[in-house]
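Peer 1: Counting from 141, one number per residue, gives the positions in the sequence shown under my numbering. No residue lacks a Cβ here, since even glycine has one placed at the ideal position from N, Cα and C.
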Amino acid sequence: MKDARLEERNSVKYIIADGNGISVFSTFDPRKKNTWKIPKGTALPEGVILVEDKRPGHENHDMLAPASNMRLSAFLDLLDQIKERAIKVS
């Protein structure tokens, strides 16, 4: 989550809903390790949105991002729901 903006409030980490989050790609690079496939049609849990990266040179790159500011732990729990349906490919 190197692009995600985190803030600490009262000793609790929050992820900020600014369109950044966990990188996902629409193409598979066999050179990358620890790659997972999210099956087509998998519904995202409420609170997670898919954001297209429109920067030049970032084609096929999107991000799973929080729909609103939330505790980082809550966002990670939502990502775990997606991971339950994902398939490890490398």
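#1: Relative to the C-alpha of residue 188, which candidate in 199, 174, 218 has its C-alpha closest?
#2: When burial is assigned at 16 or more other CB atoms within 10 Å of the CB, is residue 197 buried or exposed?
#3: From 185, 216, 222, pick the residue whose C-alpha is nearest to that of residue 155; which is it?
#4: Quick one: give me the first and last residue of the beta strand (DSSP E) that residue 205 is part of.
#5: How should residue 161 be labelled, buried or exposed, when 16 other C-beta atoms within 10 angstroms of its C-beta is the threshold for buried?
Peer 2: Looking at the coordinates:
#1: 218
#2: exposed
#3: 216
#4: 201-206
#5: buried
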